[in-house]
Amino acid sequence: MTTQLQQKARLEIVTLNPVYGVNYNKGYIGFTYDGTNPVGRGIAYFTKWDKMSNIYATHALIVTGENTCIEANAGTNMVEENPLYPYFEPSNCQIFFRKPKDLTDEIAERIVEILKPEVGKKYDYKLILAHAFSGSLPGQILSLLSRQKIKKLLSEALNCPDKWICSELAAYALDEQPEYRDIGVLINPNSTINPQKLFEDDLIFQAWENQVAAKFKDLITGTTVIA
122 MTTQLQQKAR LEIVTLNPVY GVNYNKGYIG FTYDGTNPVG RGIAYFTKWD
172 KMSNIYATHA LIVTGENTCI EANAGTNMVE ENPLYPYFEP SNCQIFFRKP
222 KDLTDEIAER IVEILKPEVG KKYDYKLILA HAFSGSLPGQ ILSLLSRQKI
272 KKLLSEALNC PDKWICSELA AYALDEQPEY RDIGVLINPN STINPQKLFE
322 DDLIFQAWEN QVAAKFKDLI TGTTVIA
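Okay, so the sequence shown: first residue is 122 according to this note's numbering, each after it adds one.
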């Protein structure tokens, strides 16, 4: 019996300026990581089991325009449409954008439209607790022993249909489109999907050219984007 170990891929980082319509656009999913933020570090710890590259993804948002996004914000306890520029400015914050495969203007518009009724709804703190437990060592052991059933049961039990966490919202926006429904990680309930797991999915998102992550530097020091 041969056991194959999946190695984490290291991505080369190069520099490039953020240009709307070129390396990010409406319908893209943005993934952020702030290593100075205790919440970000905590999410990185609990989602490390799903990390397949040298990139951390601890928050997900959906691009709705050149400087706008829709996101489930734990800090304000709400789903909001917010400016993107705060993610571009801090040198300690990285933002990566991934383009859904075969994305068209029409699909992008549908992704945005499906989210508009969710703006103003509350953040799902109970679901975050479920994710935190699932990402702990005891939670991982139980998930392995139960073939992931415990993780799904816990997330579904604590999930509130009228509340959202960031990655659940992004997964929902994609899963509601016929082009992406039940593809890759979306075969699982949206409530079980964390930012890292969604970020790593190459069945949903267009492959990175030469497996290179593009990094903003000239205009936005320390901020990263994948086009």
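Glycine residues also receive a C-beta, built at the ideal position from the N, C-alpha and C atoms.
Owing to the predicted nature of the structure, the values given are computational and were not obtained by experimental measurement.
Residues bridged to residue i [DSSP beta-bridge criterion]
i           : result
residue 193 : 200
residue 155 : 214
residue 177 : Residue 177 is not bridged to any residue.
residue 284 : 243
residue 184 : 190
residue 145 : 141
residue 326 : 221
residue 150 : 183 and 219
Collapsed DSSP secondary structure at residue i in the structure displayed
i           : result
residue 219 : strand
residue 208 : helix
residue 224 : coil
residue 242 : coil
residue 302 : coil
residue 308 : helix
residue 170 : Since pLDDT at residue 170 reaches only 46, below the 50 mark, its modelled position is unreliable, and the value read off the structure follows with that caveat. Helix.
residue 297 : coil
Exposed unless 16 or more other CB atoms sit within 10 angstroms - verdict on residue i
i           : result
residue 302 : exposed
residue 323 : exposed
residue 200 : buried
residue 250 : exposed
residue 278 : exposed
residue 328 : exposed
### Message
Could you check whether the segment 244-253 touches the segment 205-214, counting it as contact only if at least three pairs of C-beta atoms, one from each stretch, sit closer than 8 angstroms?
### Response
no
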